[in-house]
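Take a look at the structure set out below.
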Amino acid sequence: MGEHGEFGFPASQIGIRRRARSSIAVIGNPNSGKSTLFNRLTGLRQTTGNYPGVTVEKHVGVADLGTSAVELIDLPGIYCLSGESADEQIAVDVLLGRVPDMPAPAGLLVVVDSTHMYQGLYLLEQLLELRLPTMVALTMSDVALAAGLSVDLPALQARLGGIPVCEVSATSGHGMEELRQALASLSSTAPPAYPQSWPELSRGAEILSGRTGGGLARIDVIQGLLHPGSDPDRVLCDALGEEAVRSSRDELFGSAPPQAVEARTRYRWVQGVLAQAQFHTPLLARMNARLVRWINRPWPATLGFFAVMVLMFQAVFSWATPLMDVIDVAASGLGQWVTLRFGDGVASSFVADGVIAGVGSVIVFLPQILILFLFIIVLEDSGYLARAAFLMDRLMRSVGLSGQSVIPMLSSFACAVPAIMATRVIPDRRDRIATILAAPFMTCSARLPIYALLIAAFVPNQAVGWFNLQGLVLFGLYLLGIAGGLVTARLLKSSALKGPKPQFMLALPEFRWPNLQTVAIKLMDRARIFLKRAGTVIFAVAVVVWALAYFPRLDAPALPAERAPVAAAQASAPAADQQAANQLAQSWLGRAGRSLEPLFTPLGWDWRVASAVIAGFPAREVVVAVMGTIYAVGSNADEASLASRLRAATWPDGRLIFTLPMALGMMVFYALCLQCAATVATIRRETNSWRWPLFAWTYMTVVAYLAALMVYQLGTFLVP
Amino acid sequence: MTLADLKPGQSARIEAIDTSTAAVVRLMVLGLVEGVDVRFQHAAIGGDPLEVSVYGSSISIRKEQARQFRIAESPDGG
Ligand SMILES: Nc1nc2c(ncn2[C@@H]2O[C@H](COP(=O)(O)OP(=O)(O)O)[C@@H](O)[C@H]2O)c(=O)[nH]1
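From first to last, the protein sequence lines stand for chains W and B.
Per this note's numbering, the very first residue in the first sequence carries number -11; after that it's consecutive.
Per this note's numbering, the very first residue in the second sequence carries number 1002; after that it's consecutive.
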């Protein structure tokens, strides 16, 4: 955290801590290096990069410019001021001062990637219509140099009406000093009266703006003219009358769609500017450029994609195990120590069985989650996720979506919450909701513990051809999740969310070596979010579950060993465990499980399994810990002893509870069920209604129940 | 001939665009306009979507939209 860290504040406080000092908006195309530059300028540690959706959180920071300081707002990347997706809409709204409690920015720092000036200058010309003090940062100057691109700065500046243009490399820091100086004097920089690319539009809009008596600014008129049928259009028609608007439109655009005319006109101008001000010295086609071209051919690219996926999941399982073992041992050691040191009264049980066991059982997954996120972040920062979207568009089209839904679904293997936020880049609301409802089906890291436990306990560890049966079952569960998500999207897209065929157009960034600093910052951010969740939500759930399982207490006579020395209690472990089981049976949780048992008997679950599953609804991560408590192995048992308890558990009539069909059914239940309050809350926030989260929860629970029922009943029928 | 008829590695100049669908207009906003040289890089498996590049930027585009872009093969071939 830089020394100015304390000036930054969370987006949620913008409305509250808003001060009179106005801010400068940092705006540019996606992947132009905007966030990297913003980080450089503000020193504010935060998530950066092209992970879709992340920058939608308004990132505000203060840039130290030596003698003065300015407040910067980092906006999501856009190509134009039309605002198709939720992400783009926010950027446009902030720029035009349409966000409540947020005045329009006082100036613009427009970030243009010097290797992609074509689209960058197009956006810049649109932004100049805002008539705000504007300057340009030409980023990636190092990349441009390596590619043999150079810019005639004075010529470019002249065509842009004299606004300051600075060449910088945000990664190396080259040119930052000049940029800071230009920023410091930005407020006294006059914007050009008219951008040069389309004077007819600018003048026409200026005249109409004059006719509204200044009620509508030039940019408001332009937005209205360019987007027939939109809100700005209605405002414009109210101010000037439909007739006047229609005749202006006819004059400016003829019969073609306004935005098409704008693209033709402004891009023709941009082409002229580039011909004059940018030079390309073709370098020898470099080895890696040729390699990249080969890798991008259809078959190598698709096979490569699957190889990357296999590597990712392999890494999650094999690299994480040693670290997880360490955490596991540490947590149970700590719990044991607490019990030994403080006896087994309420307070000690609360700390050992409630807090340490509950939170510990979640923190165990930190290594897996971080490895998953490491992969996702590296894939995304290197520009690979956009490639995945390109490669998978065909598949997604078959379920009524487009390649753009692939990125959230891939992130969903780590956690559905950031995945749902990542859907903000999907333009069509229906496609976005279908993706949001499909994402929670992907096997997230929180489902792994229950899979690991049940597979280890009930699936024989034997080879099947080249593969291991346990691995195959796990793979099958992943496939089941994917299939569940795709079928759901398909059903929704052909019923409630029926709409025009989703479009798919995407700028494909070139491969880039991920920036270590960016990756590290984002990964730390993920770890922080996860630990915070473990410390708050999971903590709360663990405490509640503990309390429900601890109270009411068995009557005193039933607890003869209560005051016995701890060593003795351990010696008679089975008796103590039995007693714990009795305690559980009459606890609130046990009572709930028993009263709901009839509902779950068709799945082969007894009241204990039912209790654990109920406890897992707010956060599925806790289910293993709850099973630990319920099966009377206490918090100190390792997984192996829990597995053996499960194998030995019986119905009152002596039949085994955990048969293979029952265990498979239970895993299928977990694969399909939405047991995660955080996901429900995120769906609520992102769809802005309770309708979709309630639907998702009910739908997934019912589907999970029916699937588990089918697996159990069929399995029992086939393998009696 | 349209953008959908190019072979991998071929370049062409866009001559005329059928702007009657919104999807095509969105592609124009990304810079696929009349008079510009585009290069067809390659397609995904099954020949759809396509990756085309314009002024060094790659854009993914579905065949359906690519057919709305009429082209003339550029003199420099490519
Ligand atoms: N070589 C180089 N890479 C850069 C520079 N600025 C950003 N990048 C990289 O370009 C990618 C996109 O940058 P980012 O700041 O996330 O772009 P944004 O989407 O506009 O916020 C990241 O991988 C950055 O590490 C630069 O000046 N030089």
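The beta carbon of each residue, even a glycine, is placed where N, CA and C say it ideally should be.
In this text the structure is predicted, and so the values were computed from the model without any measurement.
Problem set entry | Contact with chain B by T103 of chain W, beta-carbon distance below 9 Å | As a working note, residue 103 of chain W is residue 115 in the first sequence. Chain B, which has a Cβ nearer than 9 Å to the Cβ of T103 of chain W, makes this yes.
Problem set entry | Given 8 Å, three or more beta-carbon pairs between the region 247 to 254 of chain W and the region 1017 to 1034 of chain B | The region 247 to 254 of chain W, when compared against the region 1017 to 1034 of chain B, does touch it at the 8 Å Cβ threshold.
Exercise. Quick one: what's got a C-beta closer than 6 Å to Y619 of chain W's C-beta in the same chain, skipping five residues either side?
Worked result: Here residue 619 of chain W refers to the residue found at position 631 when the first sequence is read from its first residue. Only R633 meet the Cβ criterion.
Exercise. Hey, would you say the C-beta of A135 of chain W is under 8 Å away from at least one heavy atom of ligand 1?
Worked result: Here residue 135 of chain W refers to the residue found at position 147 of the first sequence. The answer is no for A135 of chain W.
For this session: Give me the Cα-Cα distance between L536 of chain W and R500 of chain W, rounded to the nearest whole angstrom.
Result: On the first sequence, position 548 is the one that residue 536 of chain W refers to. On the first sequence, position 512 is the one that residue 500 of chain W refers to. So the alpha carbons of these two residues sit roughly 52 Å apart.
Problem set entry | Contacts of R1071 of chain B in chain W (Cβ-Cβ under 9 Å) | As a working mapping, residue 1071 of chain B is identified with position 70 in the second sequence. Those do not exist, as R1071 of chain B stays about 14 Å from chain W at its closest Cβ, beyond 9 Å.
Problem set entry | Interface residues of chain B facing P286 of chain W [CB-CB closer than 7 Å] | Working through the first sequence from its first residue, we reach residue 286 of chain W at position 298. Simply H1043, A1044, A1045 and I1046.
Problem set entry | Own chain, CB closer than 7 Å to L228 of chain W, minus 5 neighbours either side, in chain order | Here residue 228 of chain W corresponds to residue number 240 of the first sequence, with the count starting at 1. Excluding positions up to five away in sequence, the list reads L196, R199 and T200.
For this session: Mark A1013 of chain B as exposed unless 16 or more other C-beta atoms lie within 10 angstroms of its C-beta, in which case mark it buried.
Result: Residue numbering aside, residue 1013 of chain B sits at position 12 when the second sequence is read from its first letter. Label assigned to A1013 of chain B: buried.
Exercise. Any chance the CB of N503 of chain W is under 8 Å from a heavy atom of ligand 1?
Worked result: Locating residue 503 of chain W in the first sequence gives position 515, counting from the first residue. Yes; taking the cut-off as 8 Å, the Cβ of N503 of chain W has a heavy atom of ligand 1 nearer than that.
Exercise. Is it buried or exposed for A669 of chain W, if we count other Cβ within 10 angstroms and need 16 for buried?
Worked result: Stepping through the first sequence from its first residue, residue 669 of chain W is reached at position 681. Counting other Cβ atoms within 10 Å of its Cβ, A669 of chain W stays below 16 and is therefore classed as exposed.
For this session: Alpha carbon to alpha carbon, how far is P180 of chain W from A57 of chain W? Give it in angstroms, no decimals.
Result: Taking the first residue of the first sequence as 1, we reach residue 57 of chain W at position 69. Taking the first residue of the first sequence as 1, we reach residue 180 of chain W at position 192. When rounded, the distance between both Cα atoms is 25 Å.
Exercise. What are the boundary residues of the beta strand (DSSP E) that includes T127 of chain W?
Worked result: In the first sequence, counting from the first residue as 1, residue 127 of chain W sits at position 139. T127 of chain W: member of the beta strand (DSSP E) spanning T122 to T127, first to last residue.
For this session: Assign E609 of chain W to buried or exposed, taking buried as 16 or more other Cβ atoms, counted over all protein chains shown, within 10 Å of its Cβ.
Result: Position 621 of the first sequence, counted from the start, is the residue given in the question as residue 609 of chain W. So E609 of chain W counts as buried.
Exercise. Helix, strand or coil for F646 of chain W per DSSP?
Worked result: Your numbering for residue 646 of chain W matches position 658 in the first sequence. Reduced to three states, the DSSP call for F646 of chain W is coil.
Exercise. Hey, how far is the Cα of M655 of chain W from the Cα of A530 of chain W?
Worked result: Counting from one through the first sequence, the residue named residue 655 of chain W turns up at place 667. Counting from one through the first sequence, the residue named residue 530 of chain W turns up at place 542. About 22 Å.
For this session: Return the residue from the list B:V1055, B:A1024, B:P1009 and B:D1006 that minimises the CA-CA distance to F492 of chain W.
Result: The residue labelled residue 492 of chain W in the question sits at position 504 within the first sequence. Nearest to F492 of chain W by C-alpha distance, out of B:V1055, B:A1024, B:P1009 and B:D1006, is B:A1024.
Problem set entry | Listed by chain order, chain W residues near A1005 of chain B by CB distance under 9 Å | The residue given as residue 1005 of chain B occupies position 4 in the second sequence. Per Cβ cutoff of 9 Å: no residues; A1005 of chain B is ~14 Å from chain W at best.
Exercise. Tell me which same chain residues have a C-beta within less than 7 Å of the C-beta of R418 of chain W, skipping the five on either side of it?
Worked result: For the purposes of this step, residue 418 of chain W is taken as the residue at position 430 of the first sequence. Cβ neighbours of R418 of chain W beyond the five flanking positions: L485 and G487.
Problem set entry | Rounded separation between A600 of chain W and A434 of chain W - CA only | Locating residue 600 of chain W in the first sequence gives position 612, counting from the first residue. Locating residue 434 of chain W in the first sequence gives position 446, counting from the first residue. Their backbone Cα atoms lie some 15 Å apart in a straight line.
Problem set entry | Beta-bridge pairing of G192 of chain W - partner residues as DSSP gives them | By 1-based counting over the first sequence, the position of residue 192 of chain W is 204. DSSP links G192 of chain W through a beta bridge to no other residue.
For this session: Name the two residues that bound the continuous alpha helix (DSSP H) containing G473 of chain W.
Result: Within the first sequence, the letter at position 485 stands for residue 473 of chain W. Counting along the chain, the alpha helix (DSSP H) containing G473 of chain W begins and ends at L457 to K481.
Exercise. Under 8 Å Cβ-Cβ, which residues of chain B neighbour L494 of chain W?
Worked result: Position 506 of the first sequence, counted from the start, is the residue given in the question as residue 494 of chain W. Residues of chain B with a Cβ closer than 8 Å to the Cβ of L494 of chain W are, in chain order, I1060 and S1061.
Exercise. Taking the beta strand (DSSP E) that K266 of chain W falls in, what are its first and last residues?
Worked result: Here residue 266 of chain W refers to the residue found at position 278 of the first sequence. Correcting the residue identity first, residue 266 of chain W is Gln in this sequence and not Lys. Q266 of chain W -> beta strand (DSSP E) spans Q266 to H268.
Exercise. CB of D369 of chain W to nearest heavy atom of ligand 1: below 8 Å?
Worked result: Numbered from its first residue, the first sequence carries residue 369 of chain W at position 381. Yes, ligand 1 has a heavy atom inside 8 Å of this Cβ.
Exercise. F527 of chain W lies in the beta strand (DSSP E); which residues open and close that run?
Worked result: Along the first sequence, read from residue 1 onward, the residue named residue 527 of chain W stands at position 539. Boundaries for F527 of chain W: no beta strand (DSSP E) harbours it, while the alpha helix (DSSP H) harbouring it runs F527 to Y538, taken from the DSSP string.
For this session: Locate the beta strand (DSSP E) running through A13 of chain W, then write down its first and last residues.
Result: Mapped onto the first sequence, residue 13 of chain W falls at position 25. A13 of chain W -> beta strand (DSSP E) spans S11 to G16.
For this session: Would you decide whether G212 of chain W is buried or exposed? Buried here means 16 or more other CB atoms lie within 10 Å of its CB.
Result: Looking up residue 212 of chain W in the first sequence gives position 224. By the neighbour-count criterion, in which a residue is buried when 16 or more other Cβ atoms sit within 10 angstroms of its Cβ, G212 of chain W is buried.
Exercise. Does any heavy atom of ligand 1 sit closer than 8 Å to the C-beta of A508 of chain W?
Worked result: Translated into positions along the first sequence, residue 508 of chain W becomes position 520. No - ligand 1 has no heavy atom lying nearer than 8 Å to the Cβ of A508 of chain W.
Exercise. Out of curiosity, what's the CA-to-CA distance linking L697 of chain W and W325 of chain W?
Worked result: For the purposes of this step, residue 697 of chain W is taken as residue 709 along the first sequence, with counting starting at 1. For the purposes of this step, residue 325 of chain W is taken as residue 337 along the first sequence, with counting starting at 1. Computed Cα separation, rounded: 42 Å.
Exercise. For G192 of chain W, which of W:R234, W:P64, W:W287 and W:V258 has the nearest alpha-carbon?
Worked result: The sequence position of residue 192 of chain W within the first sequence is 204, counting from 1. Per the Cα distances, W:R234.
Exercise. Which residues mark the beginning and the end of the alpha helix (DSSP H) in which V48 of chain W is found?
Worked result: Position 60 of the first sequence, counted from the start, is the residue given in the question as residue 48 of chain W. For V48 of chain W, there is no enclosing alpha helix (DSSP H); the residue is found in the beta strand (DSSP E) stretching over H47 to D52.
Problem set entry | Selected residue, minimal CA-CA separation from E1052 of chain B, among W:L25, W:A289, W:Q77 and W:V98 | In the second sequence, counting from the first residue as 1, residue 1052 of chain B sits at position 51. When each option's Cα is compared against that of E1052 of chain B, the closest is W:A289.
Exercise. For the region 365 to 381 of chain W, which residues have a CB atom closer than 7 Å to at least one CB atom of chain B, in sequence order?
Worked result: Within the region 365 to 381 of chain W, F378, L379 and D381 place their CB atoms closer than 7 Å to a CB of chain B, listed in sequence order.
Exercise. Curious, which full-length alpha helix (DSSP H) runs of at least 4 residues does the region 338 to 396 of chain W contain?
Worked result: Runs found: 345 to 351, 354 to 369 and 372 to 385.
For this session: Note down the Cα distance separating L174 of chain W from P121 of chain W, rounded to an integer number of angstroms.
Result: Indexing the first sequence from 1 puts residue 174 of chain W at position 186. Indexing the first sequence from 1 puts residue 121 of chain W at position 133. L174 of chain W and P121 of chain W: Cα-Cα distance of roughly 6 Å.
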